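In order, the protein sequence lines correspond to chains X and Z.
Residues in the first sequence are numbered from 1 upward in steps of one, following our numbering.
Residues in the second sequence are numbered from 354 upward in steps of one, following our numbering.
Every residue, glycine too, gets a C-beta built ideally from N, C-alpha and C.
Predicted model, so just to flag it, every value in this text is computed and none were measured.
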Amino acid sequence: MPAIRIRGTKRFLWSLAVTVVSFLLPTEGCGPQTASPFRRESTAMDTFVSVTIFERDIGEQNASGAAEAVFREIERVEAAATNYNDSSEIGRINLHSGVDSVRVSDEIAGLIRESIRYSAESDGAFDITVGPLVRLWNFLADKPLVPSDVELRNLLHLVDRRLVSTNGNMIYLKKKGMSLDLGAIAKGYAVDRAIALLRQSGMKQVIVDLGGNLGVYWEGTWMLDSTRATIYIRHPRRDGEMFGHFDVGTSGVSTSGDYQRYFIQEGKRYHHILDPHTGYPVREVVSVTVIAANAMEADALSTTAFVLGLEKGMDLIETLPDVEGLMVYEEGDTLAYMVSSGLRGKFFVGDGE
Amino acid sequence: MLKSLTIADKLLLAILIGGTLTSYVLVDLIALPGATVLVEVDRHVVYKAALNEDASFRVHGATGELVVEIRDGRVAVTGADCPNRICVRTGWRNKAGDVIVCVPNKVIVRIAGPEGDEVRAVTG
């Protein structure tokens, strides 16, 4: 190839371009307006929540207002979906179990219908009627204890999605003592609501984190060299360390792990992800991370795949369109992992530093 | 294209690139000591302290008290009367962007400072 000679005006423009680009490179990292993304944190739904806005021209006040609106929205979802309060929508359904149907909002009725769909599709691996079991285990207690086998088995007849009747917005639990627990789907849903709010107010690059349930909204622009966000998975056994990382664009990411809420009794780990069929924690895998189109789907599917176990769980992830996943399991004394086909070659072990 | 550049052009380029790399390093060196520890209760900042000055203080949270300590450029919640004490178990933190959370007390201890350009989040 012959060398191209650039002369005259063109030559000058090239020199100018090189100079300008050289000056742009360092300022990208140190100008006052580019120092850090905007971030606000709070607590809600028994965990911590953060809103990060990466756009640099949004202005402190706009960003702050948007974050406040997100916190209020998550608190609103919590108030409707919590089962710790008898006057919440879910609380009222539970209070009237076996007695009466209860009229709920479109939002809660929709969430319950979605939950029953996940339940039916997973043959009950995912089940929002686990309320009585969750209450008995009480992982949020000061010093939780393993309940007696008899106590547990006596509750299993109350755990069955087919005992939930939905007629429009009228919800009825057919047996007294039943209770709904949206703990495996409501956080993801709240994250999706938060992302929707931020999009409505014109934000184009945001991450919402509700206790590890992530919502990423990312409209790429040529100004940022990374048009995707890097997601780190916490190490299930080493505090403060990362197990690995991968990149995502707009999506929802969620992890269910045996290390998130647990206690050790007589050398055995008891964690909060219960098998609705037995009432005991599922022991096959250590953690499941799911990447899906939205955070609610990721939230529900990470729990579902965890309960289904390594083989069936990964099968489920592979059959669903636009869903990828990673499962960590114990192999002797070490941790091994398996990724879905779409994540092959895109997941990297370690913290990348 | 490189062939069309004179020695002066190349020298200019070298200086610019060298300056760029140097400034990248310098930015980190200058920025790091400026990190600040912010303590929020229910989203209101109640304490602001430099990460490079040892300190210890009590924070009144929504349901109880916590003790926050800053030592050797790191921060930790070293005492709390909440049930799970997840905040205490989080241990010492020292990077900008690190957060220690006590959910029952609605307390967030955050290291504010330049976090760099990486777009990141943590799941799990």
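Comparing alpha carbon positions, the residue from Ser64(X), Ser201(X) and Gly257(X) closest to Gly211(X) is Gly257(X). Residue environment for Arg234(X): buried (at least 16 other C-beta atoms within 10 angstroms of its C-beta).
In this structure Pro276(X) touches Val159(X) by the C-beta definition: roughly 5 angstroms separates them, less than 8 angstroms. Comparing alpha carbon positions, the residue from Leu404(Z), Arg427(Z) and Gly432(Z) closest to Arg411(Z) is Gly432(Z). Here the C-alpha atom of Lys204(X) lies approximately 27 angstroms from the C-alpha atom of Leu320(X).
Under the DSSP assignment, Val150(X) falls in the alpha helix (DSSP H) whose first and last residues are Asp149 to Leu155. For Leu214(X), the chain Z residues whose Cβ falls inside 9 angstroms of its Cβ are Ala474, Val475 and Thr476, in order along the chain. Put simply, the CB of Val430(Z) is far from chain X, with every gap to its CB atoms at 7 angstroms or more.
The way I'd put it, the region 454–464 of chain Z does touch the region 431–445 of chain Z; three or more beta-carbon pairs between them come closer than 8 angstroms.
One Cα belongs to Leu145(X), the other to Leu214(X), and the distance between them is close to 31 angstroms.
Here Gly202(X) carries a coil assignment [DSSP, helix/strand/coil]. Around the CB of His271(X), 16 or more other CB atoms lie within 10 Å, so the residue is classed as buried. Under the 10 Å beta carbon count, Lys346(X) is surrounded by fewer than 16 other beta carbons and is classified as exposed. Looking at the DSSP output, Val475(Z) sits in a beta bridge with Tyr232(X). A straight line joining the alpha-carbon of Arg56(X) with that of Thr389(Z) spans about 21 angstroms. By the CB criterion at 7 angstroms, Lys176(X) and Ser97(X) fall inside the cutoff. Against chain Z, the beta carbon of Gly240(X) has neighbours under 7 angstroms at Gly444, listed in chain order.
Straight-line measurement puts the Cα of Ile317(X) at about 9 angstroms from the Cα of Leu326(X). The Cβ neighbour count for Leu404(Z), taken over all protein chains shown within 10 Å, is at least 16; the residue is labelled buried. Residue-level contact by beta carbon fails for Val286(X) and chain Z, as no gap is shorter than 7 angstroms. In the DSSP assignment, Ile53(X) is bridged to Phe38(X) and Val206(X). Residue range Thr334 to Val339 is occupied by the beta strand (DSSP E) that includes Tyr337(X). Here Gly342(X) carries a helix assignment [DSSP, helix/strand/coil]. Between Thr476(Z) and Ile231(X), the C-beta gap is smaller than 7 angstroms, which places the two residues in contact. Taken through DSSP and simplified to helix, strand or coil, Val77(X) comes out as helix. Within the region 70–94 of chain X, the residues whose Cβ lies closer than 9 angstroms to some Cβ of chain Z are Phe71, listed in chain order. For Val398(Z), the secondary structure class from DSSP, reduced to helix, strand or coil, is strand. Excluding residues up to 5 positions away in sequence, Thr304 lie with their Cβ nearer than 6 angstroms to the Cβ of Ser122(X) in the same chain. Scanning chain X for C-beta atoms nearer than 8 angstroms to the C-beta of Val452(Z) yields Glu41, Phe48 and Ser50, reported in chain order. Glu78(X) counts as buried, since no fewer than 16 other beta carbons sit within 10 angstroms of its beta carbon.
With at least 16 other beta carbons inside 10 angstroms of its own, Ser42(X) counts as buried.
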